[in-house]
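In what follows, a structure is listed as structure tokens, so that the remarks can point back to it.
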Amino acid sequence: MADTEARWYVAHTYSGYENKVKADIENTIVNRNLQDQILEVYVPMQEVEREGKDSKKLVQQKMFPAYVLIKMFMNDDTWYVVRNTRGVTGFVGPGSKPVPLTDEEVASMGLMSSVAEAPFSIGDSVIVTSGIWEDTVGIVRQIDLKNKTVTINIDMFGRETPTELSFNDVKVCD
994 MADTEARWYV AHTYSGYENK VKADIENTIV NRNLQDQILE VYVPMQEVER EGKDSKKLVQ
1054 QKMFPAYVLI KMFMNDDTWY VVRNTRGVTG FVGPGSKPVP LTDEEVASMG LMSSVAEAPF
1114 SIGDSVIVTS GIWEDTVGIV RQIDLKNKTV TINIDMFGRE TPTELSFNDV KVCD
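Residues 994 to 1167 in this note's numbering are what the sequence shown spells out, letter by letter.
Have a look at this one:
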């Protein structure tokens, strides 16, 4: 039961335990040094509009209540860790055999977008296109592909100050 490539699997949980299961699995990954086998634990969320007494507000809601998505190499160790996490009732699949999500299912949930590339590299000069730093030029120091943010150094009062911005708020200088 060993995979040669990391795939997305779905673990069924008790309702309301999704975030607790995610946190427990992430702690176990660190404690057992499984970072190279269990790569990502994800509870899909979506923004929905809720009506209150006086106004409407946007809130985060689970897309699949009672399910947690896990990108991992399936083997006896990873199966055991996930299956024996408090709150997990089992994997989605026939019997005790987990079935990975297809590439189409993964793409439809937007999970493949986390492997996107940044339109710039560390050390590039970029210009801020919106917000309070608009028209400010900075040097890329860090890129976070998962959250699609970039940390740039901006000269403020004669000192370089790190500032985190969205990919959409900067562009490479010509």
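No residue lacks a Cβ here, since even glycine has one placed at the ideal position from N, Cα and C. Bear in mind that the values here come from a model prediction, so they are computed numbers and not experimental data.
- Just measuring C-alpha positions, the residue of Thr1021, Ala1016, Val1075, Val1023 sitting nearest Trp1001 is Val1075.
- Taking 8 Å as the cut-off, the beta carbon of Asp1162 is found closer than this to the beta carbon of Thr1122.
- Membership of Glu1011 in any beta strand (DSSP E) is not indicated; the residue belongs instead to the alpha helix (DSSP H) covering 1011–1024.
- Assigned with DSSP and collapsed to three states, Asn1077 falls in coil, not helix or strand.
- For Val1099, there is no enclosing beta strand (DSSP E); the enclosing alpha helix (DSSP H) covers residues 1096–1101.
- Residue burial annotation: Glu1153 is exposed, with fewer than 16 other C-beta atoms found within 10 angstroms of its C-beta.
- Short of 6 Å from the beta carbon of Gly1088, and not among the five residues preceding or following it, lies no beta carbon of its own chain.
- Phe1150 sits exposed, since fewer than 16 C-beta atoms from the chains shown fall within 10 Å of its C-beta.
- Rounded to whole angstroms, Arg1134 and Gly1083 show a C-alpha spacing of 42 Å.
- DSSP places Asn1146 in the uninterrupted beta strand (DSSP E) bounded by 1142–1149.
- For Ala1004, the uninterrupted beta strand (DSSP E) run begins and ends at 1000–1006, by DSSP.
- The residue from Thr1156, Pro1037, Val1119, Val1014 with its alpha-carbon nearest to that of Phe1057 is Pro1037.
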